[in-house]
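Residue numbers (our numbering): 43 to 567.
Structure (structure tokens):
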């Protein structure tokens, strides 16, 4: 037995010293203490030996350098290497054959660098992390000869086949980070992408670790749904404009009959909503008239108008919540001199200040949104908004159109919860018949309370909080689009409810004092 072991050691030891088994190179490099395992793999994979049957997903063959080479480590991956690449990778000029190594590696071994702050001149740019996924979770590693190959006149062609509904694929290669921490990023330098429907073809002028980054296979962002959502938005905005104009007429008439602060707030919010839907439609239709690459000052002005209208709408929703807080919590000593004038300075002044600063900075212009479509990856949608060419566009958009509205919605949601709590206490204090008997009168009161809560939800802008559901499902996107495009209609229904209040005061106050108290509080000053 000892003699057999000695003979095996004498036979295999020289082979291991010469390079080792190719099957163990990847695992050995991953477990090594080197910071970049990719460098270890590239240096050892060409000097290893295939000591047994070929490893799955692995090609290790000698190729004639005067001819083209094409190999497929898996049915989904094919590598086509021109003869010029093989010749440049030779170690000696007289060498006729070169080694070709192609292997498919799991993408989880590649650690992405975290977002970092990069100083670029006087500007501070936050690197955006990769949000796409590696196609199939597989990376194709290609190595030829002993010399590195770069800047090829005839590119290497790599084919990635797929049978899934993937969209917006981009050919990339692995680029090590400059921070010497073992991480890296997926880069597109030197690679071009073409797509035939069932496969992505990458043409790259160098050899490395290659992959295709794709968006998740979600029908949420398909072109068909995008078109349907666009029609819903346009029709809903047109209806909102029509009903908002009627609401303004109703509020003006109500203001003359009974000048109440709450009606004045609803009037201002309706004006902001009218400007918002009007500016959206104007910006969408005007951009259709522009040529490719053309922006113009009109589009920039419409973008400013849209941003200003959005900020004004959010501000007046916040003021609606503030007014509701004064009515329900600070019941006494809430008299403020020139109350509506001061609210108007806030509701119209803050949006004007922000939009003015952004306009001077050159934020506004034509915004291009890429629509993910498997049949046509270059499909885009445009609108007069914040210019896609502005360097800090994402920062301005996140702060003014995401962070600020989210804060307002959160506060107004608390106000709505307070209204529900007040209704519950008033019902509980209405006697034994308040919540214990399920009779017809109680059902009517319950419907009135639900209508009050739903009406206040629209006034406070709480349907905008459904934006969070757009990241979860397609139904969430449709629900968010329908409710917010029809907000003008909901304001009209709320104004109609205001006109009916005086007629029901005398009849309902004696039968339903608890409900009337909250309704009066929410309607009046």
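Every residue, glycine too, gets a C-beta built ideally from N, C-alpha and C.
Among the options, nearest to residue i - alpha-carbon criterion
i, options, result
"residue 177", "243, 132, 143, 142", "243"
"residue 100", "88, 424, 109, 108", "88"
"residue 431", "314, 151, 342", "342"
"residue 117", "277, 270, 75, 203", "203"
"residue 185", "437, 145, 235, 107", "145"
"residue 319", "188, 397, 276", "276"
"residue 76", "269, 223, 371, 402", "223"
"residue 137", "80, 188, 150", "188"
"residue 236", "201, 267, 205, 218", "201"
"residue 152", "528, 83, 90, 331", "83"
"residue 367", "455, 352, 301", "455"
"residue 39", "266, 246, 427, 287", "Residue 39 is absent from the structure shown; the chain starts at 43 and stops at 567."
"residue 246", "221, 121, 287", "121"
"residue 267", "517, 539, 379", "517"
"residue 78", "439, 221, 114, 212", "221"
"residue 569", "269, 212, 238", "Past the boundaries of the shown model lies residue 569; the chain is included only from 43 to 567, so the question cannot be answered."
Proximal residues to residue i (C-beta, below 7 Å), its chain only, five neighbours per side dropped
i, result
"residue 92", "64, 102"
"residue 105", "111, 128, 139, 140, 142"
"residue 390", "354"
"residue 480", "Model confidence at residue 480 stands at a pLDDT of 44, short of 50, so the residue's coordinates are unreliable; what they give is reported in the following sentence. Once the five neighbours on either side are set aside, residue 480 has no close Cβ partner at all."
"residue 217", "226, 227, 229"
"residue 126", "194, 195, 196"
"residue 506", "447, 451, 526"
"residue 115", "99, 100, 101, 144, 145, 146"
Chain-order list of residues whose beta-carbon lies under 8 Å from that of residue i (same chain, five-residue window excluded)
i, result
"residue 214", "228, 229, 230, 233, 252, 253, 254, 255"
"residue 347", "317, 321, 324, 325"
"residue 523", "271, 274, 275, 278"
"residue 41", "The requested residue 41 is not part of the displayed model; the chain covers only 43 to 567."
Bounding residues of the alpha helix (DSSP H) (the contiguous stretch that carries residue i)
i, result
"residue 248", "No alpha helix (DSSP H) contains residue 248, which DSSP labels as neither H nor E."
"residue 121", "Not the alpha helix (DSSP H): residue 121 falls in the beta strand (DSSP E), residues 119-123."
"residue 362", "338-370"
"residue 390", "381-402"
"residue 438", "435-440"
Boundaries (first-last residue) of the beta strand (DSSP E) holding residue i
i, result
"residue 115", "111-116"
"residue 329", "Careful: residue 329 lies outside any beta strand (DSSP E), inside the alpha helix (DSSP H) at 303-330."
"residue 76", "Counting along the chain, residue 76 falls outside any beta strand (DSSP E), and DSSP gives it neither H nor E."
"residue 233", "233-237"
CB of residue i within 8 Å of CB of residue j, strictly
i, j, result
"residue 155", "residue 226", "yes"
"residue 123", "residue 198", "yes"
"residue 329", "residue 408", "yes"
"residue 504", "residue 458", "yes"
"residue 325", "residue 345", "yes"
"residue 386", "residue 537", "no"
"residue 248", "residue 194", "yes"
"residue 306", "residue 299", "no"
"residue 429", "residue 399", "no"
"residue 350", "residue 394", "yes"
"residue 303", "residue 381", "yes"
"residue 360", "residue 448", "no"
"residue 396", "residue 442", "yes"
"residue 293", "residue 315", "no"
"residue 107", "residue 81", "no"
"residue 460", "residue 383", "no"
"residue 219", "residue 179", "no"
Beta bridge counterpart(s) of residue i as assigned by DSSP
i, result
"residue 144", "101, 184"
"residue 195", "Answer is none; residue 195 lacks a bridge partner."
"residue 228", "216"
"residue 253", "214"
"residue 175", "256"
"residue 503", "For residue 503, which the question treats as bridged, DSSP gives no partner whatsoever."
"residue 427", "407"
"residue 201", "120, 243"
"residue 91", "63"
Cβ shell of residue i (< 6 Å), same chain only, five flanking positions each side left out
i, result
"residue 130", "191"
"residue 285", "530, 531, 534"
"residue 15", "The first residue shown for the chain is 43 and the last is 567, placing residue 15 beyond what the model contains."
"residue 311", "358"
"residue 113", "101, 121, 144"
Residue i beta carbon near the ligand MN (any heavy atom closer than 7 Å)
i, result
"residue 327", "Because no ligand of any kind appears in the structure shown, any question about the ligand MN cannot be addressed here."
Cutoff 8 Å: residue i Cβ touching any chain D Cβ
i, result
"residue 145", "Structure shown: chain D not included; a single protein chain is present."
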